[in-house]
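Structure record follows, encoded as structure tokens.
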RNA sequence: UGACCCAUAGUAUAAGGGUAGUACAACAGUUUUUGGUACUGUGUGUCUAGGUUCGAAUCCUGGUGGGUCAACCA
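Numbering (this note's numbering), first residue to last: 1 to 555.
Right, dumping it as structure tokens:
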């Protein structure tokens, strides 16, 4: 019965185990996580991070963090810093912090080696001319008129490219492979181009930069990476990856591809996320509605929850769209264990307990977390006038409603049972106040009343409650898969994804901490936002509680 | 109309030729001083047609469907 408890391997782990069993690389496992510093990391990167770091960890190996910074036009130090912070926050430590730009000298020599082997040439064609000569997927390309330059001429031209003698776009270095290949990437790919841009690390040292295909595999090889794990769109690059390594006669790192993560009601494209930021659809990369690591962190998601999510979604090669409810499940699962329970009324209704003495204040004991007996308790003031949730009263209750209604009783969590005696309305017929009476011997912990009520609701003492800004988030997109819809993805942004309200929270929350997670009882999980000031508390709703009543109410 | 990758419940993911499982979602119920949590139960799922085999989700072939590739991006 108990033998099936071991988790099945994903196909990458399978490959690694097979390699170890075959004695490849003497059993050594070295992976890398290779972000381009041109944007913030998102949930899709989290999958890759967990896979790369996780697999290495599992097999006693290590993982390098390597920035793929070969395009100075889009890359910035700000992104480098955010990426490092996000990887650390997720809970992973890299063996070495490296940059493809560290290898620019090396890569330049590699290029000359190819030229010397008559496997690369400088092409003076314009990009339009090259595009024409490249052919199409169904039509083979034709050779460039510059393809048969002599090695000496190529060496000289390439050197002069490096020396800044030519303007951008006038010359490129191409690998000499096969213009008729069915793989477009093998049709003499450009491996070096001229760019007079300041690089975030090398400054103005270089005016030529290697292309991805001439940097990534070689960087892997230089670092002796054993398993270079990337996403499916790089499958056709593998042939070129192997070609470079073979012809450069360097360490044979191997590339393996898995399907990237897509999340429902979200987008995971750095380009599109950047648009949302630049065009102010969100407040920044770390807006809590963003599927970025920094956004999720600010939202109150935990690294444990994200790692568990990445574990549960699995790794395979088929396109997938993961239901965001699985992510939310993982978040709730973890927060349920660690969140401090507190009371907060989001949409208040005044309740006066007519038979409770005016001016009297009782300090009641409230447990901090029923899931964690070590978490202790705190005290909460109770008094004659309290606030409850508007939702928790129904003037004409339906059969299955078991909260407060005229003549009915509910339990105030951690406090007394009360009975609704009178409903007070304003001139518009709006309910503005409830007059209730409490059952004196029904206090939580020493209830001798013998009364059994079906409902328990949360509350705060009006005089002691603290006002707080609460930000309620909904999914950022109205459709399941915005990237597949017609037209601009921004047309599908949910305009109501942020709702800001003023809530009344229990006084203990004036000491709320940025590092703590809270459950507003019966309402959801919340965390303090960094916008909080000494004058104003600001909370983010991380995720709501599962609400079977909401479903029932719709019926 | 080329090459390459992929195809198992609504969504993901296992089953390494031998009983098609698991999780989320959904639905029903039990417990409950959170309509939370926990627990129990509920499923006409192997794209299709052939082939190999005692036996195929698994191996082979054809088809169908989806994805990727024609950036001086990664």
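Heads up, the beta-carbon is just placed ideally off N, CA and C, and yes, glycines get one too.
Put residue 463 into one of helix, strand or coil per three-state DSSP.
coil
Start and end residues, beta strand (DSSP E) containing residue 499:
498–505
Does DSSP put residue 306 in a helix, in a strand, or in coil?
helix
Going by beta carbon distance, what residues of the same chain come within less than 6 Å of residue 157, once the five residues before and after it are set aside?
122
For residue 381, write down the residues that DSSP places opposite it in a beta bridge.
Under DSSP, the beta-bridge partners assigned to residue 381 are 363.
Rounding to the nearest angstrom, what Cα-Cα distance links residue 98 and residue 66 in this structure?
5 Å
For the candidate residues 391, 51, 186 and 327, whose alpha-carbon lies nearest to that of residue 142?
Taking each of 391, 51, 186 and 327 in turn and checking the Cα distance to residue 142, the smallest one comes out for 186.
Please give me, in chain order, every unbroken run of the beta strand (DSSP E) with length at least 3 that falls completely inside the segment 217–261.
227–231 and 254–258
Residue 19 versus residue 228: straight-line alpha-carbon distance, rounded
13 Å
Using a 10 Å radius around the Cβ and a threshold of 16 neighbouring Cβ atoms, would you call residue 150 buried or exposed?
exposed
Please indicate yes or no: does the CB of residue 330 lie closer than 7 Å to some heavy atom of the ligand ATP?
The ligand ATP is absent from the structure shown, which contains no ligand whatsoever.
For a minimum of 4 consecutive residues, which ranges assigned as the alpha helix (DSSP H) are wholly contained in the segment 143–199?
151–162
Please classify residue 358 as buried or exposed, where buried requires at least 16 other C-beta atoms within 10 Å of its C-beta.
exposed
Does the distance from the CB of residue 541 to the CB of residue 476 come in under 8 Å?
no
Am I right that residue 234 and residue 316 are in contact with their C-beta atoms under 8 Å? What's the rounded C-beta distance?
With a Cβ gap of about 16 Å, residue 234 and residue 316 do not count as contacting.
Spatial distance of residue 345 from residue 465 (CA atoms):
9 Å
When burial is assigned at 16 or more other CB atoms within 10 Å of the CB, is residue 263 buried or exposed?
Result: buried.
Between 77, 17, 159 and 46, which has its C-alpha nearest residue 58's C-alpha?
17
Compare the C-alpha of residue 470 against each of 290, 457, 175 and 502 and name the closest.
502
Extent of the continuous alpha helix (DSSP H) to which residue 272 belongs
270–278
Give me, in chain order, the residues of the same chain whose beta-carbon lies closer than 6 Å to that of residue 405; leave out the 5 immediate sequence neighbours on both sides.
394 and 397
Please look up how many angstroms separate the CB atoms of residue 70 and residue 111, rounded, as I've assumed it's under 8 Å.
In fact, because the Cβ distance is near 13 Å, the residues do not count as touching under 8 Å.
Cβ shell of residue 312 (< 8 Å), same chain only, five flanking positions each side left out
326 and 330
Take residue 25 as the anchor and find which of 432, 77 and 226 has the nearest alpha-carbon.
226
Just tell me which of 41, 451, 486 and 73 has its CA closest to the CA of residue 203.
73
Among 401, 458 and 510, which one has its Cα closest to the Cα of residue 551?
401
Using a Cβ-Cβ cut-off of 6 Å (strictly less than) and excluding sequence neighbours within five positions of residue 479, which residues of its own chain qualify?
Sequence-distant partners of residue 479 (beyond 5 residues in either direction) whose C-beta falls short of 6 Å from its own C-beta, in its chain, are 485 and 492.
In angstroms with no decimal places, state the Cα-to-Cα distance between residue 162 and residue 173.
11 Å
Consult DSSP for residue 528 and reduce its assignment to one of helix, strand or coil.
strand
Is it buried or exposed for residue 499, if we count other Cβ within 10 angstroms and need 16 for buried?
exposed
So the alpha helix (DSSP H) residue 63 belongs to, where does it begin and stop?
Note, residue 63: premise wrong, no alpha helix (DSSP H); beta strand (DSSP E) at 62–67.
Leaving aside the five residues before and after residue 209 along the sequence, list all residues of the same chain whose C-beta is less than 6 Å from its C-beta, in chain order.
Closer than 6 Å at the Cβ level, and outside the excluded window around residue 209, lie 70 and 195.
Residue environment, residue 223, which counts as buried when at least 16 other CB atoms sit within 10 Å
buried
Just verifying my parser: in three-state terms, what is the DSSP assignment at residue 540?
strand
Under 8 Å between the Cβ atoms of residue 623 and residue 328?
Since the displayed the chain opens at 1 and closes at 555, residue 623 lies outside it and no answer follows.
Cβ pair residue 62, residue 22 closer than 8 Å
no
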